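Position 120 of the sequence shown, counting from 1, maps to 119 under numbering that gives the first Met the number 0, and the rest follow consecutively.
One structure below.
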Amino acid sequence: MKKLIVCLACFASLAFTSNAQTKISPIVGVNLANLGGDVEDADGKTGAHLGVLFNFGLGESISVQPGILYSMKGAEDLSLNYIEVPINLVYKLPMGLMFHAGPYLGYAISGKMDFGGVEVDDIFEEGGFKRLDYGFNLGAGYQLPMGLFFRAQYGLGLANIGDKFLGLDDYKISNRVIGISVGYTLGGRD
């Protein structure tokens with residue numbers, strides 16, 4: 000965890016010095032997560048996400064927004080905790096509306112499941128799950144002039160994270176997440 004904080008601090012200081020239009024935005028929110036693919040009747044799960052976004056201005060209304068987030072995904076009986084790196088292209092309208100889209104890459108740092116009353120503590124070693132996830136985000140939001148913003152996004156997982164689920168070959172499981180967030184852009188809205 001200390002290494003992660005040091006890396007974030009280095010990345011943030013680099014961002015400040017490399018571009019005058021660069022802004023940093025801490026963000027926190029709620030995930031409404033579920034699974035897609037061959038999973039039938041999976042009940043959704045509520046989780047959280049938190050992290051920091053870096054806004055690199057490319058023009059008056061367009062920016063690239065990479066970030067690093069801790070994100071809880073899965074379903075009712077499956078808990079997946081990711082470190083996620085989204086890279087969104089953001090389009091901002093003058094009145095504060097903003098739209099974003101882009102890919103994400105995630106790495107599961109932990110995961111467990113309850114399968115038919117049997118708890119599996121390490122689903123990557125015992126349950127046939129993969130740690131690597133990737134997909135696409137699409138969202139919209141509104142930012143106040145002082146920098147406070149609200150946004151919603153849909154994350155569509157494209158990786159098959161469960162192709163060896165409990166020893167079954169070619170099983171398809173992917174992440175699906177609706178995220179609702181609040182954040183603050185240091186220095187206010189562009």
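Ideal Cβ positions, reconstructed from N, Cα and C, are used throughout, including at glycine.
Note that the structure is a prediction, hence the values are computed from the model and not measured.
Distance, Cα to Cα, residue i vs residue j?
i    : j    : result
L135 : L34  : Sequence inspection shows Phe at residue 135; the Leu mentioned does not correspond to that position. Each residue's Cα considered, the two are about 15 angstroms apart.
A107 : I82  : 6 angstroms
L49  : L88  : 19 angstroms
S62  : A47  : 25 angstroms
D40  : P85  : 29 angstroms
L31  : G156 : 14 angstroms
R188 : L68  : 21 angstroms
K163 : G127 : 4 angstroms
Q64  : I160 : 25 angstroms
Y112 : D76  : As written in the sequence, residue 112 is Met, which differs from the Tyr given in the question. Spanning the two alpha carbons is a distance of roughly 5 angstroms.
G186 : N54  : 12 angstroms
D132 : P102 : 11 angstroms
R175 : G58  : 32 angstroms
S60  : G115 : 51 angstroms
G56  : I23  : 11 angstroms
G154 : K91  : 20 angstroms
T21  : V29  : 26 angstroms
D233 : G66  : The chain is shown from 0 up to 189; residue 233 falls before or after that span and cannot be answered.
S78  : A158 : 17 angstroms
D169 : A100 : 29 angstroms
Which residues in the same chain as residue i place their Cβ atom closer than 7 angstroms to its Cβ, once the five residues preceding and following it in sequence are excluded?
i    : result
P25  : V51, G182, Y183
E204 : The first residue shown for the chain is 0 and the last is 189, placing residue 204 beyond what the model contains.
R130 : Y106, A107, F123
Who are the near neighbours of residue i in its chain, counting only those whose CB is closer than 6 angstroms to its CB and skipping five residues on each side?
i    : result
N80  : M71, I108, S109
V38  : I172
R150 : G138, G140, S180
G36  : K171, I172, S173
Q152 : N136, G138, G178
L147 : Y183
M145 : G187
V27  : L49
L104 : V84, Y133
Are any of the Cβ atoms in chain D nearer than 9 angstroms to that of residue i?
i    : result
A139 : Any reference to chain D falls outside this structure, which holds one protein chain only.
On the DSSP bridge assignment, give the partners of residue i in chain order.
i    : result
S24  : L52
E118 : D113
S60  : Per DSSP, none; premise fails for S60.
P65  : I86
F123 : The partner list for F123 (beta bridge, DSSP) is empty, contrary to what the question assumes.
A41  : Looking at the DSSP assignment, A41 forms no beta bridge with any residue, so it has no partner.
G46  : N30
Using a Cβ-Cβ cutoff of less than 8 angstroms, which residues in the same chain neighbour residue i once the five nearest sequence positions on both sides are dropped?
i   : result
A11 : Residue placement at A11 cannot be trusted, given a pLDDT of 49 that sits under 50; what the coordinates show is reported in the next sentence. Hits under 8 angstroms: I23, V51, F53.
S45 : In the sequence on display, residue 45 carries Thr and not Ser. Cβ neighbours of T45 beyond the five flanking positions: V29, N30, L31, A32.
Validate contact between the region 116-129 and the region 94-102 using beta carbons, cut 8 angstroms, 3 pairs: no
Inter-stretch contact at 8 angstroms, needing at least 3 Cβ pairs: the region 136-147 / the region 57-73: No, they do not touch.
Beta strand (DSSP E) segments (min. 3 residues) lying fully within the region 127-188: 131-142, 147-156, 172-183
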